[in-house]
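Each protein sequence line maps, in turn, to chains A and B.
Numbering (numbering that gives the first Met the number 0) for the first sequence: 0 to 130.
Numbering (numbering that gives the first Met the number 0) for the second sequence: 0 to 212.
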Amino acid sequence: MSALDVNPAGHHGDEEELDHDTLHITVGGYVTGFVLSVVLTAIPFWLVMGKVFASSTVTTFVILGFAIAQIYVHMVFFLHMTSKAEGGWTWMSLIFTIVLVVIALSGSLWVMYHLKTNMTLPSPEEMRNMP
Amino acid sequence: MADSTATLGPGRAGEAQAVRFYDSGEHHPENGTLLGFWIYLMSDSLVFASLFAVYGVLGRNYATGPSGAEIFQLPLVAVNTSLLLLSSITYGFAVIAMARKRVGGTLAWLAVTGLLGIGFVGIELHEFANLIREGNGPQRSAFLSSFFTLVGTHGLHVSFGIVWLVTLMWQVAGRGLIAANRRRLMCLSMFWHFLDVIWIGVFTFVYLMGTLP
């Protein structure tokens, strides 16, 4: 773990590189992340299994919020994401991926929802009573 | 990177003071393998994003078959979620043991992680087998096709993660915590935690939201 002292000039050999990456990893970090994850998992399960809210829409948005919070916790405490890692390149690729995922998900749901509501064939009953 | 200064030739030693080229070595990411693996994970999350989008579009098309509320067993999903979450922290402990250069500790925590992963895959296969036995296989409805594809792809990733984990345990046991093995352990660490992140999406979007009326 003394890699940084040995190489003041910043010339990392193969041996030192990974020590540098594992320097900030601590037991406390993992335990904090784990406890937060357990809380953020238990609450949505309780909300759905205990039927806490009468409205499905409210429950949906609340549990999606908990999911996003838990993904953030995992990114920080388990995947050790920072905007500085690998000279900022992991951060850039993460932001790029999030943009693509949001476009793919919201775009598909939006377009296909309208396709379904506007193009569903009327039932035989409705067809017979058409004006 | 060994020689970071250059002069223009022996005959112009006086000018050489002024003309110097510095290579600070900061152009390259410090660890190319981990960055490359991260980019693989990002492209893998695009695969999952498309499968989530398919499930989002088709997930309520039951074709007179069962709905999510009728077939999902949330207590079983909760057990599965806890297994995967526990395996994430045990892998974290393996990484810490690795940083402290303890071969035995690393192997022990990897073994615990692998057992939790096998438990997860086992429960998932049990769930799939029950569904198929009751006639609710992937061919039953669009909902079940997209459900089996999404959850099955995740389960397949976990299964391959277990194969990788066993291979690494064998390599660490044989050669110790050399630099190459530590690099591999860090890659698998990212892979394993990434699968847990995907599972957050699965249990929220598929199981919990699928159970809601």
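C-beta atoms are modelled at their ideal positions from N, C-alpha and C, and glycine is treated no differently.
Inset, instruction - Using a threshold of 7 Å, state whether the C-beta atoms of SER140/B and TYR206/B are closer than that. - result: No. Outside cutoff.
Inset, instruction - Could you please give the first and the last residue of the uninterrupted alpha helix (DSSP H) stretch that includes GLY160/B? - result: Residues 141–174.
Legend entry - Contact belief for SER45/B with THR89/A at Cβ below 8 Å, rounded distance in angstroms: According to the sequence shown, residue 45/B is Leu rather than Ser. With a Cβ gap of about 16 Å, LEU45/B and THR89/A do not count as contacting.
Legend entry - Where HIS156/B meets chain A, residues with beta-carbon distance less than 7 Å: At a beta-carbon threshold of 7 Å, none of the residues of chain A lie near HIS156/B; the nearest stands roughly 16 Å away.
Inset, instruction - For chain A, find out if any of its Cβ atoms is closer than 7 Å to the Cβ of THR6/B; answer yes or no. - result: In this predicted model, THR6/B has a pLDDT of only 46, less than 50, meaning its place in the structure is not dependable; the value taken from the coordinates is given anyway. So, not an interface residue.
Legend entry - Assigned secondary structure, LYS115/A (DSSP; H/G/I helix, E/B strand, else coil): LYS115/A carries a helical assignment under DSSP once its states are collapsed to helix, strand and coil.
Inset, instruction - Tell whether a beta-carbon distance below 7 Å holds between SER54/A and PRO212/B. - result: No; because the gap between Cβ atoms is not below 7 Å, this pair is not in contact.
Inset, instruction - Could you tell me whether any Cβ in chain B is nearer than 7 Å to the Cβ of ASN117/A? - result: No, ASN117/A does not count as interfacial toward chain B.
Legend entry - is_contact[VAL196/B, chain A] using C-beta, thresh 7 Å: By this cut-off, VAL196/B is an interface position.
Inset, instruction - Give me the Cα-Cα distance between HIS125/B and LEU114/B, rounded to the nearest whole angstrom. - result: In a straight line, the C-alpha of HIS125/B is about 16 Å away from that of LEU114/B.
Inset, instruction - Could you check the C-alpha separation between PRO121/A and GLU123/B for me, to the nearest Å? - result: Note on geometry: alpha-carbon atoms of PRO121/A and GLU123/B lie some 39 Å from one another.
Inset, instruction - Report yes if the CB atom of LEU35/A is closer than 7 Å to the CB atom of VAL72/A, and no otherwise. - result: Going by C-beta atoms, LEU35/A is nearer than 7 Å to VAL72/A.
Inset, instruction - Kindly indicate if chain A contains any beta-carbon less than 7 Å away from that of PRO65/B. - result: No - not a single Cβ of chain A is within 7 Å of the one on PRO65/B.
Legend entry - Continuous alpha helix (DSSP H) stretch holding PHE43/A: start and end: One point to set straight first is that residue 43/A is Pro, not Phe, in the sequence displayed. Unbroken alpha helix (DSSP H) run through PRO43/A: 26–48.
Inset, instruction - Anything in chain B within Cβ reach of HIS73/A, meaning under 8 Å, just list it in chain order. - result: Neighbours of HIS73/A on chain B, chain order: SER87, HIS192, ASP195, VAL196 and ILE199.
Legend entry - At least 3 beta-carbon pairs within less than 8 Å: the segment 172–179 of chain B vs the segment 89–102 of chain B: Because the criterion of three Cβ pairs below 8 Å is met, the segment 172–179 of chain B and the segment 89–102 of chain B touch.
Inset, instruction - Using the Cα positions of ALA84/A and THR89/B, report the straight-line distance between them to the nearest angstrom. - result: Answer to the nearest angstrom: the Cα atoms are 23 Å apart.
Inset, instruction - Spell out whether any CB of chain B is found under 7 Å from the CB atom of PHE44/A. - result: Closer than 7 Å to some Cβ of chain B, the Cβ of PHE44/A qualifies, so yes.
Inset, instruction - For the alpha helix (DSSP H) containing ARG183/B, list its first residue and its last residue. - result: Unbroken alpha helix (DSSP H) run through ARG183/B: 178–200.
Legend entry - Inter-residue CB distance, TRP191/B and GLY160/B (contact presumed, cutoff 8 Å): Contact check for TRP191/B and GLY160/B: beta-carbon distance about 6 Å, within the 8 Å limit, so the pair qualifies.
Inset, instruction - Output the boundary residues of the alpha helix (DSSP H) element that contains PHE76/A. - result: It spans 55–76 - the alpha helix (DSSP H) in which PHE76/A sits, taken as one unbroken run.
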